[in-house]
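According to our numbering, the sequence shown is numbered sequentially starting from 23.
Cβ coordinates follow ideal geometry from the N, Cα and C atoms, glycine included.
Keep in mind the model is a prediction, meaning the values are calculated, not measured.
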Amino acid sequence: MELLNNLINEKSINYKKFIGKFTSIKCDLFNIKIFPLVPLYITSYCYEDCKYCNFRVNNNVLRKRLNDNQLIKETELLIKKGFRVIELVYSSDPEIKITSVCNHIKILKKTAIES
Ligand code: SF4
């Protein structure tokens, strides 16, 4: 977990390097175990137009972006239901920056430890 913490807390890291390091750490941590995975939608704002998707840009639906408190509540609910692997889903929201993603990961980790 210390390796993962160091990776998340690095000030500047490029995406390819991040994925490579993360994959390596993930393999070390989880080996060949299989976990159920649940998606947690952080935002429904998207500038893409995938025809099969309800969140496509040209579909007139209510858009929402979770704030930190909503993220904590959603995470607590998923953990209470027994999920231990949570996939954060961001659509293609132009307002979401890598710093936000890092903040969300920290919130999830803290919430999971305290749950
Ligand atoms: S949320 Fe994903 S699948 Fe849906 S329109 Fe955006 S990019 Fe495409």
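DSSP-derived helix/strand/coil call for residue i
i    : result
I118 : coil
V123 : helix
I135 : helix
C28  : Note on identity: in this sequence residue 28 is Asn, with Cys being the wrong assignment. In this structure, N28 counts as helix in the three-state DSSP scheme.
Taking the runs of the alpha helix (DSSP H) that are 4 residues or longer, which of them lie wholly in the segment 56-125?
90-102
For ligand 1, list every residue whose C-beta falls under 5 angstroms from any of its heavy atoms, going in chain order.
C68, E70, C72, C75, F77, R78, S113, S114
Is the segment 59-70 close to the segment 108-126, with three or more CB pairs under 8 angstroms?
yes
Is the segment 126-136 in contact with the segment 93-105, if contact means three or more CB pairs nearer than 8 angstroms?
yes
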